[in-house]
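**Student:** According to the numbering used here, the stretch in the sequence shown is residues 383 to 622, in order.
Quick one: structure below, then a few questions.
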Amino acid sequence: MVLVNLEQLSTDELRNLSEQEKIDGFDVLSREELIQELTDKYEEEYTAYGLDDDKKSELNLKYVSSFTDYIDNSENVTQLPGVEDLPDHYEETSIHLLSKNSDWGYAFWSISTLDQEKIDEKKGVPLLLVTLVTKNGEKECYDIPISEEDDEWNIGFSYESKSILVSLCVDYPDGTRDTLAQSKPIEMSSSYWIDHKDKMKENDSLFKIYLSLITTKTGDIINNSIVREILADYAEGGEA
Numbered sequence: 383m384v385l386v387n388l389e390q391l392s393t394d395e396l397r398n399l400s401e402q403e404k405i406d407g408f409d410v411l412s413r414e415e416l417i418q419e420l421t422d423k424y425e426e427e428y429t430a431y432g433l434d435d436d437k438k439s440e441l442n443l444k445y446v447s448s449f450t451d452y453i454d455n456s457e458n459v460t461q462l463p464g465v466e467d468l469p470d471h472y473e474e475t476s477i478h479l480l481s482k483n484s485d486w487g488y489a490f491w492s493i494s495t496l497d498q499e500k501i502d503e504k505k506g507v508p509l510l511l512v513t514l515v516t517k518n519g520e521k522e523c524y525d526i527p528i529s530e531e532d533d534e535w536n537i538g539f540s541y542e543s544k545s546i547l548v549s550l551c552v553d554y555p556d557g558t559r560d561t562l563a564q565s566k567p568i569e570m571s572s573s574y575w576i577d578h579k580d581k582m583k584e585n586d587s588l589f590k591i592y593l594s595l596i597t598t599k600t601g602d603i604i605n606n607s608i609v610r611e612i613l614a615d616y617a618e619g620g621e622a
């Protein structure tokens, strides 16, 4: 039995539900008639399961916008309008890059069936092309080999980077490379530590203030490779 607020369903949804409940003539009934037929059917089921009026009211209020079985078990309801399983992948070739913190980002992508067929036909090899633009305006690029089964990857950042983007590419045996998709560039946030290294080394109080912001209650420095690299740079200078 499905508990649902029938008044919130469209006429098509009511007909679909009525068909599953095997209500005679559902395809020619009006919206009001469908609601009445379904209400009557569920009233019979309420009675069969021994639910009193208070319990029926409680259940209908509780599940006003969801589907559930009569014993309060939420389940995926199939064969209802708008209730579909998500596909394994979407028919679009795209790639996206999300910044997780100053240390790394998360890239995920999909390749359409049509593009995958072209890649297979030409014996192409997919890869990720990471493009970094440093604060000095210099561009750095490096490749990340991936397999056909991959659809996500973690991308390491450098604190010298000003922006970063990732391209989904394919290399072919003849030496050519195609770019299938490109993420939007991520602009890296500036860091006071990086931009004022010398000033902080000369001012011990200032250094301790900023150091305290990345120190845990137990006195440990947060686990971040960029922070560790900056602290190592300070230590080599003999000022920290």
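For glycine and all other residues, C-beta sits at the position ideal for the given N, C-alpha and C.
Please report how far the alpha carbon of residue 390 lies from the alpha carbon of residue 406, in whole angstroms.
**Tutor:** Position 8 of the sequence shown, counted from the first residue, corresponds to residue 390. Position 24 of the sequence shown, counted from the first residue, corresponds to residue 406. Straight-line Cα distance between these residues: approximately 22 Å.
**Student:** Report the start-end ranges of each alpha helix (DSSP H) in the region 487 to 537 that is 4 residues or longer and not cut off at the edges.
**Tutor:** As far as the region 487 to 537 is concerned, its whole alpha helix (DSSP H) runs of at least 4 residues are 495 to 503.
**Student:** Name the DSSP bridge partner or partners of residue 569?
**Tutor:** Here the question's residue 569 lines up with position 187 in the sequence shown. DSSP, once it has assigned bridges, lists 545 as partnering residue 569.
**Student:** Give the straight-line distance between the Cα atoms of residue 519 and residue 477, rounded to the nearest whole angstrom.
**Tutor:** Position 137 of the sequence shown, counted from the first residue, corresponds to residue 519. Position 95 of the sequence shown, counted from the first residue, corresponds to residue 477. Straight-line Cα distance between these residues: approximately 24 Å.
**Student:** In the DSSP assignment, the beta strand (DSSP E) including residue 560 goes from what residue to what residue?
**Tutor:** For the purposes of this step, residue 560 is taken as the residue at position 178 of the sequence shown. Note, residue 560: beta strand (DSSP E), 559 to 564.
**Student:** Candidates 613, 570, 571: which alpha carbon is nearest residue 590's?
**Tutor:** For the purposes of this step, residue 590 is taken as the residue at position 208 of the sequence shown. Nearest of 613, 570, 571 to residue 590, Cα basis: 613.
**Student:** So, for residue 473: in the same chain, excluding its five sequence neighbours on each side, which residues have a beta-carbon less than 7 Å away from its beta-carbon?
**Tutor:** Position 91 of the sequence shown, counted from the first residue, corresponds to residue 473. Excluding sequence neighbours, residue 473 sits near 494, 495.
**Student:** Report the rounded CA-to-CA distance for residue 585 versus residue 577, giving the unit in angstroms.
**Tutor:** Sequence index remark: in the sequence shown, residue 585 carries index 203 (1-based). Sequence index remark: in the sequence shown, residue 577 carries index 195 (1-based). If I take the Cα positions, the gap works out to 14 Å.
**Student:** DSSP beta-bridge partners for residue 476?
**Tutor:** In the sequence shown, the residue the question calls residue 476 occupies position 94. Beta-bridge pairing links residue 476 to 492.
**Student:** Under 7 Å Cβ to Cβ from residue 556, same chain only, skipping five residues before and after it: list those, please.
**Tutor:** Locating residue 556 in the sequence shown gives position 174, where the first residue counts as 1. So no residue of the chain qualifies.
**Student:** Please name the residue, chosen from 524, 508, 505, that lies closest to residue 514 on a Cα-to-Cα basis.
**Tutor:** The residue you call residue 514 lines up with position 132 of the sequence shown. Ranking the options by Cα distance to residue 514, first place goes to 524.
**Student:** Is the distance from the Cβ of residue 562 to the Cβ of residue 510 below 8 Å?
**Tutor:** Here residue 562 refers to the residue found at position 180 of the sequence shown. Here residue 510 refers to the residue found at position 128 of the sequence shown. No; because the gap between Cβ atoms is not below 8 Å, this pair is not in contact.
**Student:** Please state whether the Cβ-Cβ distance between residue 580 and residue 506 is less than 8 Å.
**Tutor:** For the purposes of this step, residue 580 is taken as residue 198 along the sequence shown, with counting starting at 1. For the purposes of this step, residue 506 is taken as residue 124 along the sequence shown, with counting starting at 1. Contact flag unset, no.
**Student:** Measuring CA to CA, which of 547, 600, 416 is closest to residue 538?
**Tutor:** Translated into the one-based positions of the sequence shown, residue 538 becomes position 156. Ranking the options by Cα distance to residue 538, first place goes to 547.
**Student:** Looking only at DSSP bridge pairs, what is residue 553 linked to?
**Tutor:** The residue given as residue 553 occupies position 171 in the sequence shown. In DSSP, residue 553 forms a bridge with 507, 559.
**Student:** Expressed to the nearest angstrom, what Euclidean distance is found between the alpha-carbon atoms of residue 615 and residue 500?
**Tutor:** Working through the sequence shown from its first residue, we reach residue 615 at position 233. Working through the sequence shown from its first residue, we reach residue 500 at position 118. Whole-angstrom Cα-Cα distance: 48 Å.
**Student:** For residue 481, write down the residues that DSSP places opposite it in a beta bridge.
**Tutor:** The count along the sequence shown starts at 1 and reaches residue 481 at position 99. For residue 481, which the question treats as bridged, DSSP gives the partners 487.
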